[in-house]
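Positions 1 to 746 (UniProt numbering) are the ones given, in order, by the sequence shown. Heads up: the structure comes next, in structure tokens.
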Amino acid sequence: MLFKMHRRDFNAFNFSIVIEHRTKQASTTAPEAFGTSMAVTRYMVALLLSILAVCLIPADAKCPFNFGRARAEDDGEILQAEPRRMLMEFDAVAVNKLDIDAVKADLKALFVDSKDSWPADFGHYGPLMIRMAWHCAGTYRQSDGRGGCDGGRQRFDPERSWADNVNLDKARGLLWPIKQKYGNALTWGDLIILAGDAAIESMGGPILGFCAGRIDDADGTASLPLGPSLDQEMVAPCSVNGDCEAPLGASTMSLIYVNPEGPMAVPDPEKSAPQIREVFARMSMNDSETVALIGGGHAFGKVHGACPTGPGPSPAEQPWNPWPGTCGNGTMKGKGNNTFTSGFEGPWTTNPIRWDNEYFQNLLEYDWEVHIGPGGHHQWRPVKKNSSDPSEPVANIMMLTTDVALLKDPSYLELVKLFATNQTALDIAFSHAWYKLVTRDMGPHSRCLGDHVPPPQPFQAPLPPPPAKKPDYKAVTKAITKALRTASSALPGDTVGGKPYYGALFATLAWQCASNFRQTDYTGGCNGARIRFAPQKDWPQNVAMDRVLAVLAPIKASFPSLTYADLIVLAGSTALTDAKAHKIKFCGGRSDANPNETPFPFQPPRVFGNKLVQLKDNALVMGLTLREMVAQQARLRSPSQQRRLGYSGSWTENPSLLTNDYFKVLLNNDWVNTTSAAGQLEMKAVGKEGIYMMPTDLAVKWDPASAAIAQEFATDSTAFLAAFASGWNKLMVADRFKGPAGNECA
Numbered sequence: 001m002l003f004k005m006h007r008r009d010f011n012a013f014n015f016s017i018v019i020e021h022r023t024k025q026a027s028t029t030a031p032e033a034f035g036t037s038m039a040v041t042r043y044m045v046a047l048l049l050s051i052l053a054v055c056l057i058p059a060d061a062k063c064p065f066n067f068g069r070a071r072a073e074d075d076g077e078i079l080q081a082e083p084r085r086m087l088m089e090f091d092a093v094a095v096n097k098l099d100i101d102a103v104k105a106d107l108k109a110l111f112v113d114s115k116d117s118w119p120a121d122f123g124h125y126g127p128l129m130i131r132m133a134w135h136c137a138g139t140y141r142q143s144d145g146r147g148g149c150d151g152g153r154q155r156f157d158p159e160r161s162w163a164d165n166v167n168l169d170k171a172r173g174l175l176w177p178i179k180q181k182y183g184n185a186l187t188w189g190d191l192i193i194l195a196g197d198a199a200i201e202s203m204g205g206p207i208l209g210f211c212a213g214r215i216d217d218a219d220g221t222a223s224l225p226l227g228p229s230l231d232q233e234m235v236a237p238c239s240v241n242g243d244c245e246a247p248l249g250a251s252t253m254s255l256i257y258v259n260p261e262g263p264m265a266v267p268d269p270e271k272s273a274p275q276i277r278e279v280f281a282r283m284s285m286n287d288s289e290t291v292a293l294i295g296g297g298h299a300f301g302k303v304h305g306a307c308p309t310g311p312g313p314s315p316a317e318q319p320w321n322p323w324p325g326t327c328g329n330g331t332m333k334g335k336g337n338n339t340f341t342s343g344f345e346g347p348w349t350t351n352p353i354r355w356d357n358e359y360f361q362n363l364l365e366y367d368w369e370v371h372i373g374p375g376g377h378h379q380w381r382p383v384k385k386n387s388s389d390p391s392e393p394v395a396n397i398m399m400l401t402t403d404v405a406l407l408k409d410p411s412y413l414e415l416v417k418l419f420a421t422n423q424t425a426l427d428i429a430f431s432h433a434w435y436k437l438v439t440r441d442m443g444p445h446s447r448c449l450g451d452h453v454p455p456p457q458p459f460q461a462p463l464p465p466p467p468a469k470k471p472d473y474k475a476v477t478k479a480i481t482k483a484l485r486t487a488s489s490a491l492p493g494d495t496v497g498g499k500p501y502y503g504a505l506f507a508t509l510a511w512q513c514a515s516n517f518r519q520t521d522y523t524g525g526c527n528g529a530r531i532r533f534a535p536q537k538d539w540p541q542n543v544a545m546d547r548v549l550a551v552l553a554p555i556k557a558s559f560p561s562l563t564y565a566d567l568i569v570l571a572g573s574t575a576l577t578d579a580k581a582h583k584i585k586f587c588g589g590r591s592d593a594n595p596n597e598t599p600f601p602f603q604p605p606r607v608f609g610n611k612l613v614q615l616k617d618n619a620l621v622m623g624l625t626l627r628e629m630v631a632q633q634a635r636l637r638s639p640s641q642q643r644r645l646g647y648s649g650s651w652t653e654n655p656s657l658l659t660n661d662y663f664k665v666l667l668n669n670d671w672v673n674t675t676s677a678a679g680q681l682e683m684k685a686v687g688k689e690g691i692y693m694m695p696t697d698l699a700v701k702w703d704p705a706s707a708a709i710a711q712e713f714a715t716d717s718t719a720f721l722a723a724f725a726s727g728w729n730k731l732m733v734a735d736r737f738k739g740p741a742g743n744e745c746a
């Protein structure tokens with residue numbers, strides 16, 4: 001599939017005109033071949049409030065994210081900044097014991113048992129299931145790790161009512177008897193992906209394997225930041241619909257990746273190709289993976305646009321009978337040959353339920369002519385090359401602008417030619433790309449369950465096993481403690497009491513190593529110590545961290561079985577304990593990544609112009625509560641490191657004690673914007689010399705919820721130290737997975 005889904009229809013403006021909008025803009029849905037509880041009640045209340053807010057939306061708004069004003073009912077997580085992802089009960093033992101072959105057998109029997117309530121195209125539900133799996137997994141974006149099928153949130157609003165997901169409620173309905181049969185051993189997230197896998201296999205396609213262990217969400221809250229919502233608008237606004245930029249995954253709202261009709265619905269294949277490359281890169285796919293997925297997915301099924309009048313009301317608008325269809329009459333109205341899903345019509349191949357490379361052969365064999373299909377949108381029909389008779393019959397197939405675009409880009413064209421002539425190359429490329437697509441949000445290989453799990457793949461950032469023999473951590477701690485106040489030629493430390501002090505630098509190194517962890521896709525963290533290598537060591541926030549590591553190098557040399565990852569975390573924890581932090585824990589057993597690892601698996605820290613959003617959304621992505629994140633703002637801060645970062649200084653020249661003084665200084669002073677000699681925006685205490693804070697510090701004071709926590713910490717040192725230890729200890733072991741829900745250090 002070519003399109004990354006976002007929620008255009010959940011703009012309150014669209015509620016009032018959704019049927020007309022879908023009729024005129026049906027190209028905003030994706031081609032199909034690729035595609036309750038108290039939580040539901042809560043969301044439906046939000047929907048009602050959004051509908052009532054329709055009069056507040058500017059009539060000329062060009063992007064669905066241009067809201068007339070902020071609506072509190074749309075606030076999912078960011079404004080509250082609590083990781084409120086509500087999970088269903090997860091039985092790891094049952095999931096691990098699940099007979100996946102038996103489930104596949106049941107699925108494959110279902111695929112060829114066409115139901116009158118929703119007849120199968122070509123007598124096979126496989127293409128529908130592939131589309132469902134693609135649309136569940138295809139929400140993933142590498143910018144912040146959000147999206148993907150872990151959680152199975154396609155079942156809930158907002159995702160279930162996205163225009164991209166028209167008629168996928170029928171697919172999930174078909175799967176319910178199988179879900180019911182296997183109960184908690186088969187989560188919805190796993191079932192949706194396994195249905196896609198089984199569908200590919202049932203039609204002769206290649207599958208690399210299956211990683212079980214998706215934990216179902218109890219509602220759709222975690223999808224709100226994908227947009228459109230106030231949360232999404234703060235993190236990733238779209239100023240021009242059709243040209244949305246990263247970190248958004250799609251170029252056009254509500255689409256899986258790009259508009260199949262062409263940029264801004266203009267059927268221009270040459271301009272479509274760069275958009276395809278850009279948006280597939282946003283989910284970490286290269287050219288080979290992109291072309292294999294497009295052509296492999298389009299080997300199956302068809303798109304549906306039997307008439308121009310649309311699918312009818314969405315589940316949010318009409319939950320009792322969603323997407324009933326408007327094409328045709330009688331008992332087959334809205335289904336079978338009268339189906340409207342995307343507004344395009346037709347198959348890509350002559351046998352849409354058989355795996356082969358005909359899609360690529362068709363692209364090359366014919367010339368392609370644009371026309372308006374029965375759904376009212378631009379699509380392409382085949383014309384025989386060098387034919388003098390325009391009426392000469394050709395295959396009953398079609399292409400989309402985004403398919404024809406593969407012929408207009410030199411790199412894509414070479415891959416089209418390869419896959420058209422080499423079925424084995426296509427099999428290998430597609431199976432690996434599909435597994436990456438549906439597993440990318442699952443994190444490392446150690447989180448996978450079941451007996452169909454393939455070997456670790458590069459996108460899973462595999463690590464070598466840790467040393468069999470652990471070092472004497474007590475002896476290492478003693479050596480670190482000595483290094484805290486011993487001058488090193490590798491890097492000048494801070495000065496406390498006229499003596500060198502490295503504690504704040506050690507704590508900073510550990511924080512910088514671990515704080516790129518993302519609970520959204522279970523990536524990042526200090527396991528592997530990738531902060532040693534480019535590009536992470538060269539991120540602006542990590543300036544001189546390699547030199548801090550060099551201060552610790554003699555300790556590493558003294559303990560051959562000590563990994564850099566353990567050393568970094570233990571150095572930070574030892575520094576904090578020395579600084580009078582309470583109950584700082586350490587759990588050893590990390591390993592070190594290979595220096596030649598490619599591609600680099602992690603993303604740099606996200607920086608926002610709005611520092612309040614930066615504080616809160618980074619906390620959410622890391623999996624910290626707002627209370628824990630506010631406490632981390634007071635971690636040991638090195639004055640010398642602040643100057644290396646380009647700031648004038650710190651809020652204190654004595655970083656050797658972890659106290660609540662940070663909050664007293666923050667709250668008891670007035671601050672004025674200033675710019676350092678190096679050009680960094682910073683905040684200077686009014687009437688005080690040498691006292692500086694960063695804009696992210698002042699965000700704590702500006703935000704009422706954060707300020708309330710800061711006020712508590714300023715008056716209760718015990719509460720601060722407890723919250724600090726909770727957040728620090730959580731983050732330092734967040735990447736130590738033991739299955740989907742376990743932790744090696746628990």
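All C-beta atoms, glycine included, are put in the ideal place defined by N, C-alpha and C. Here the structure is a predicted model, which means the values were calculated and not measured.
Pull up the CB-CB distance for Thr574 and Thr477, whole angstroms please, since I reckon it's below 8 Å.
Taking the Cβ atoms as the reference, Thr574 lies roughly 5 Å from Thr477, within the contact range of under 8 Å.
Using the Cβ count rule (16 or more neighbours within 10 Å means buried), how would you classify Ala433?
Burial state of Ala433 is buried, judged by a 10 Å Cβ sphere holding 16 or more other Cβ atoms.
Can you determine whether any heavy atom of the ligand MG sits closer than 7 Å to the C-beta of Pro260, and answer yes or no?
No copy of the ligand MG appears in this structure; indeed no ligand is present at all.
Buried or exposed for Val630, going by 16 or more other Cβ atoms inside 10 Å?
The residue is buried, with at least 16 neighbouring Cβ atoms inside 10 Å.
Does chain D have any CB closer than 8 Å to the CB of Leu570?
Within the model displayed, chain D is absent; a lone protein chain is all it includes.
CB Leu400 to CB Pro260, shorter than 8 Å?
Yes, they are a contact pair.
Own chain, CB closer than 6 Å to Arg627, minus 5 neighbours either side, in chain order:
Cβ within range, chain order: Ile709, Ala723.
Would you mind reading off the limits of the alpha helix (DSSP H) that contains Glu628?
In the DSSP assignment, Glu628 falls within the unbroken alpha helix (DSSP H) covering 626 to 632.
Are three or more beta carbon pairs between the region 95 to 107 and the region 194 to 212 nearer than 8 Å?
With the cut-off at 8 Å, the region 95 to 107 and the region 194 to 212 touch.
Backbone CA spacing between Pro540 and Leu645 [nearest angstrom]
Between Pro540 and Leu645, the C-alpha separation is close to 8 Å.
Helix, strand or coil for Gly498? Go by DSSP, reduced to three states.
Gly498 sits in coil when the DSSP states are folded into three classes, being neither helix nor strand.
Run the CB neighbour count on Trp320, radius 10 Å, all protein chains shown included, and call it buried at 16 or more, exposed below.
By the neighbour-count rule (16 or more Cβ atoms within 10 Å), Trp320 is not buried but exposed.
Other residues of its chain near Arg153: CB distance less than 7 Å, five sequence neighbours each side excluded
Counting only residues of its own chain and dropping the five nearest sequence neighbours on each side, Arg153 has a CB closer than 7 Å to the CB of Glu159, Asp217, Gly220, Ala222, Ser223.
Run through DSSP, which three-state label would Trp118 get?
Three-state DSSP puts Trp118 in a strand.
Taking Cβ positions, are Leu407 and Pro269 nearer each other than 8 Å?
Note that the C-beta distance between Leu407 and Pro269 is below 8 Å.
Report yes if the CB atom of Gly373 is closer than 8 Å to the CB atom of Phe340, and no otherwise.
Remark: C-beta atoms of Gly373 and Phe340 do not approach each other more closely than 8 Å.
Tell me the rounded alpha-carbon separation between Trp188 and Ala429.
Rounded to whole angstroms, Trp188 to Ala429 spans 27 Å at the Cα level.
With a threshold of 16 other CB atoms inside 10 Å of the CB of Val240, please say whether the residue is buried or exposed.
So Val240 ends up on the exposed side.
Spatial distance of Lys115 from Ile353 (CA atoms):
Rounded to whole angstroms, the gap between the alpha carbons of Lys115 and Ile353 is 17 Å.
Let's test the definition: count the other Cβ atoms within 10 Å of the Cβ of Lys469 and tell me whether it reaches 16, buried, or not, exposed.
Lys469 is exposed by the Cβ-count criterion.
Please report the distance separating the alpha-carbon of Pro274 from that of Pro599.
Distance between the alpha carbons of Pro274 and Pro599 is about 21 Å.
Curious, which full-length alpha helix (DSSP H) runs of at least 4 residues does the region 558 to 614 contain?
Secondary structure in the region 558 to 614: the alpha helix (DSSP H) runs of 4 residues or longer, each lying completely within the stretch, are 564 to 578 in chain order.
Can you find at least 3 beta carbon pairs, one from the region 711 to 729 and one from the region 687 to 701, that sit closer than 8 Å?
Verdict: no, contact absent.
Just the C-alpha distance for Asn396 and Pro347, rounded to the nearest angstrom, thanks.
Asn396 and Pro347 have their C-alpha atoms roughly 8 Å apart.
Pull up the distance between the alpha-carbon of Ala70 and that of Pro225, whole angstroms please.
Any reading at Ala70 needs caution, since the residue's pLDDT is 31, under 50, leaving its predicted position unreliable; the model's value is listed next. Ala70 and Pro225: Cα-Cα distance of roughly 14 Å.
What first and last residue would you give for the beta strand (DSSP E) that runs through Gln379?
Element bounds for Gln379: 378 to 384.
Residue nearest to Val505 in terms of C-alpha spacing, selected from Thr424, Ala120, Asp190, Ala487
One detail in the question is off: residue 505 reads as Leu in this sequence, not Val. If we check each option's Cα against that of Leu505, Ala487 comes out closest.
Sorted by chain position, which residues of the same chain lie with C-beta nearer than 7 Å to Thr402's C-beta, five sequence neighbours on each side aside?
Once the five neighbours on either side are set aside, the close Cβ partners of Thr402 are Leu2, Val258, Pro260, Ser272, Ile276.
Hey, could you find the ends of the beta strand (DSSP E) Leu681 is sitting in?
681 to 685 is the span of the beta strand (DSSP E), which, as asked, contains Leu681.
Which residue wins for smallest C-alpha separation from Gly295, given the options Asp592, Asp157, Lys417?
Of the candidates Asp592, Asp157, Lys417, the one whose C-alpha sits nearest the C-alpha of Gly295 is Lys417.
On the three-state DSSP scale, how would you describe Pro206?
If DSSP states are grouped into helix, strand and coil, Pro206 belongs with coil.
Let me make sure I understand the geometry here. Which of Pro322, Thr659, Ile130, Cys136 has the alpha-carbon closest to that of Val303?
Minimum Cα distance to Val303 is reached at Ile130.
With 16 other Cβ atoms within 10 Å as the buried cut-off, status of Val551:
Burial state of Val551 is buried, judged by a 10 Å Cβ sphere holding 16 or more other Cβ atoms.
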